[in-house]
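Undergrad: Sharing a structure, written as structure tokens. Questions coming.
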Amino acid sequence: GDSVTQMEGPVTLSEEAFLTINCTYTATGYPSLFWYVQYPGEGLQLLLKATKADDKGSNKGFEATYRKETTSFHLEKGSVQVSDSAVYFCALAGGTSYGKLTFGQGTILTVHP
Amino acid sequence: SAVISQKPSRDICQRGTSLTIQCQVDSQVTMMFWYRQQPGQSLTLIATANQGSEATYESGFVIDKFPISRPNLTFSTLTVSNMSPEDSSIYLCSVERDSGANVLTFGAGSRLTVL
Numbered sequence: 019g020d021s022v023t024q025m026e027g028p029v030t031l032s033e034e035a036f037l038t039i040n041c042t043y044t045a046t047g048y049p050s051l052f053w054y055v056q057y058p059g060e061g062l063q064l065l066l067k068a069t070k071a072d073d074k075g076s077n078k079g080f081e082a083t084y085r086k087e088t089t090s091f092h093l094e095k096g097s098v099q100v101s102d103s104a105v106y107f108c109a110l111a112g113g114t115s116y117g118k119l120t121f122g123q124g125t126i127l128t129v130h131p
Numbered sequence: 003s004a005v006i007s008q009k010p011s012r013d014i015c016q017r018g019t020s021l022t023i024q025c026q027v028d029s030q031v032t033m034m035f036w037y038r039q040q041p042g043q044s045l046t047l048i049a050t051a052n053q054g055s056e057a058t059y060e061s062g063f064v065i066d067k068f069p070i071s072r073p074n075l076t077f078s079t080l081t082v083s084n085m086s087p088e089d090s091s092i093y094l095c096s097v098e099r100d101s102g103a104n105v106l107t108f109g110a111g112s113r114l115t116v117l
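Chains as they are written, first to last, in the working numbering: chain A, 19 to 131; chain H, 3 to 117.
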């Protein structure tokens, strides 16, 4: 079945540091890939997505590229801010699914001033 | 995008009791989805709630344990029945934001602790 593996956290960075959160997946067919973010006390929000190989999703300075050859969708940001402190989830939607996302275990990011 | 309200936001429950979680959406949606996030785990889809028909449950989840109602296009409830400490989780309601895009909007979740 489909699965998503994220790098284990928590991740602690200083403000303006470079961020990478690794995500790899296993799926049949051609899934869509997502990064969701959960800020303290709030629901999950879509951060970015990519629907086919070599697509780059981007939002709020975050980027991730759909790499079919390495089955990866790593999240990156060049300069993190304290306000980026949150839990980040990588997820995929299989080609035949509807509303069924397979999530990674989440990575807690804490950014210090 | 849709605004989703869930209640309760959190509750502490006794073993053997049942609790119903409500989910209200500010616009009409065809399908609503219920997810569970166990402590330290990722999110798992419990079931899809369709208006006018029975919910569709994922493997490992059954209607007797998690009965779902969907009386109209903006509202759904999930009941966690005969609770045990293993049911301590965050339960999240979600809807598809862009039709056919598999992009989900989530409520803030209901955190249940079973003693």
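Quick reminder that beta carbons are idealized off the backbone N, C-alpha and C, glycines included.
These numbers were taken from a predicted model, which means no experiment stands behind them.
1) Kindly indicate which residue of T128/A, A109/A and Q99/A has the alpha-carbon position closest to the one of Q63/A.
2) Answer yes if the stretch 78-94 of chain A comes into contact with the stretch 81-98 of chain H, meaning at least three C-beta pairs across the two stretches below 8 Å, and no otherwise.
3) Run through the DSSP bridge pairs and tell me what M34/H is partnered with.
4) The stretch 71-97 of chain A: which residues have C-beta closer than 8 Å to a C-beta of chain H, in chain order?
5) With burial defined as no fewer than 16 other Cβ atoms inside 10 Å of the residue's Cβ, what is the status of D72/A: buried or exposed?
6) Against chain H, with Cβ distances strictly below 8 Å, would Q99/A count as a contact?
7) Among S55/H, K67/H and V31/H, which has the Cα closest to the Cα of E88/H?
8) Residues of chain H with CB under 8 Å from G117/A, in chain order?
9) Among R38/H, I6/H and M33/H, whose alpha-carbon lies nearest the alpha-carbon of P55/H?
10) Going by DSSP in three states, V100/A sits in which element: helix, strand or coil?
11) Would the stretch 47-66 of chain H count as touching the stretch 3-13 of chain H if we require 3 or more Cβ pairs under 8 Å?
TA: A quick look at the data gives this:
1) With distances taken between Cα atoms, Q63/A lies closest to A109/A.
2) no
3) A51/H and V97/H
4) Identification of residues in the stretch 71-97 of chain A having a C-beta nearer than 8 Å to some C-beta of chain H yields an empty set.
5) Around the beta carbon of D72/A, fewer than 16 other beta carbons lie within 10 angstroms, which makes this residue exposed.
6) no
7) Of the candidates S55/H, K67/H and V31/H, the one whose C-alpha sits nearest the C-alpha of E88/H is K67/H.
8) Ordered by position in chain H, the residues that pass the 8 Å Cβ test against G117/A are M33, F35, L47, T50, S96, E98, N104 and L106.
9) The amino acid at residue 55/H is misidentified as Pro; the sequence shows Ser. Taking only the C-alpha atoms, the option nearest S55/H is M33/H.
10) helix
11) no
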